[in-house]
Amino acid sequence: MEEMEIETFEGVYEPAEDSWMMCNYLPNDLGSVLEIGCGSGIISVHLAKQGNQVTSVDINPKAVKATKHNAQKNNVEIEILQSDMFSAVLNRKFDTIVCNPPYLPPSENYNDPELELAVEGGANGHEFTLLLLSKAKNFLNDQGSIFMIQSSKMGKFQTPWEKKIIKEERFFFETLSLVHFY
Ligand SMILES: C[S@@+](CC[C@H](N)C(=O)[O-])C[C@H]1O[C@@H](n2cnc3c(N)ncnc32)[C@H](O)[C@@H]1O
102 MEEMEIETFE
112 GVYEPAEDSW
122 MMCNYLPNDL
132 GSVLEIGCGS
142 GIISVHLAKQ
152 GNQVTSVDIN
162 PKAVKATKHN
172 AQKNNVEIEI
182 LQSDMFSAVL
192 NRKFDTIVCN
202 PPYLPPSENY
212 NDPELELAVE
222 GGANGHEFTL
232 LLLSKAKNFL
242 NDQGSIFMIQ
252 SSKMGKFQTP
262 WEKKIIKEER
272 FFFETLSLVH
282 FY
């Protein structure tokens, strides 16, 4: 993988195994890409470096700031917007949506609203993912598809999308998968 310099910021999800799995195993040529939940910007910067045309959104204003900083630091052009999922890109379409979503069920081990936003995906961990999948067709070109991280910590769910696991890795307390929905 090409060199990247990503700075971390207080209140913004620090790149972890899931972030690196996306950078290492996403296909390079994804066309026009919408990243939902860009955090530090690591995945968006990586995809922009591959020549994709990237729009990055996050609900957390600190993540928007971090992604702007890291895009500039790595000399890549990215459109970066504050957005609650698709709210800032209504009426637009992309070739690909990528998302390393909040996917854990709630925990009482921390009391940090920005961390909660980054990691908690709803009562069963999968509600954020299901909502994204249910809305995504409206924001995709014909043949468009979605790449998302899933965790063994998420409750099982059904979706009408076809799905293929691109990469699966076991970590200390969970198994992570990079999944292609098409
Ligand atoms: C697991 S972090 C991933 C960050 C980064 N993409 C990475 O892989 O390192 C999930 C991100 O989703 C953002 N997020 C949570 N709910 C959101 C929503 N409704 N709309 C947009 N972004 C959201 C969080 O602020 C957080 O930055």
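Everything in the sequence shown is counted per our numbering, starting at 102 for the first residue and increasing by one. A virtual CB, placed ideally from N, CA and C, is assigned to each residue, including glycine.
Query, Result
"Quickly, what does DSSP pair residue 276 with across the bridge? List them, please.", "271"
"Alpha helix (DSSP H) containing residue 201: first to last residue?", "Careful: residue 201 lies outside any alpha helix (DSSP H) and carries neither H nor E."
"In three-state terms, what does DSSP make of residue 251?", "strand"
"Between which two residues does the alpha helix (DSSP H) harbouring residue 168 extend?", "162–174"
"Sort 122, 169, 125, 152 by Cα distance to residue 140 and report the nearest one.", "169"
"Heavy atom of ligand 1 less than 6 Å from the Cβ of residue 120, yes or no?", "yes"
"For a cutoff of 7 Å on Cβ pairs, would you count residue 138 as touching chain C?", "Checking the listed chains, one finds no chain C in this structure; it contains a single protein chain."
"My parser needs the alpha helix (DSSP H) runs of 4 or more residues fully inside the region 206–239; what are they?", "214–220, 228–236"
"Specify, as a first and last residue, the run of the beta strand (DSSP E) that residue 107 falls within.", "Looking at the DSSP string, residue 107 is not in any beta strand (DSSP E), and its letter there is neither H nor E."
"Is the beta carbon of residue 185 within less than 6 Å of some heavy atom of ligand 1?", "yes"
"Less than 7 Å between the beta carbons of residue 146 and residue 102, yes or no?", "no"
"Round the Cβ separation of residue 241 and residue 198 to the nearest angstrom and send it over; I've been treating them as touching at under 8 Å.", "7 Å"
"Quick check on DSSP: helix, strand or coil for residue 127?", "coil"
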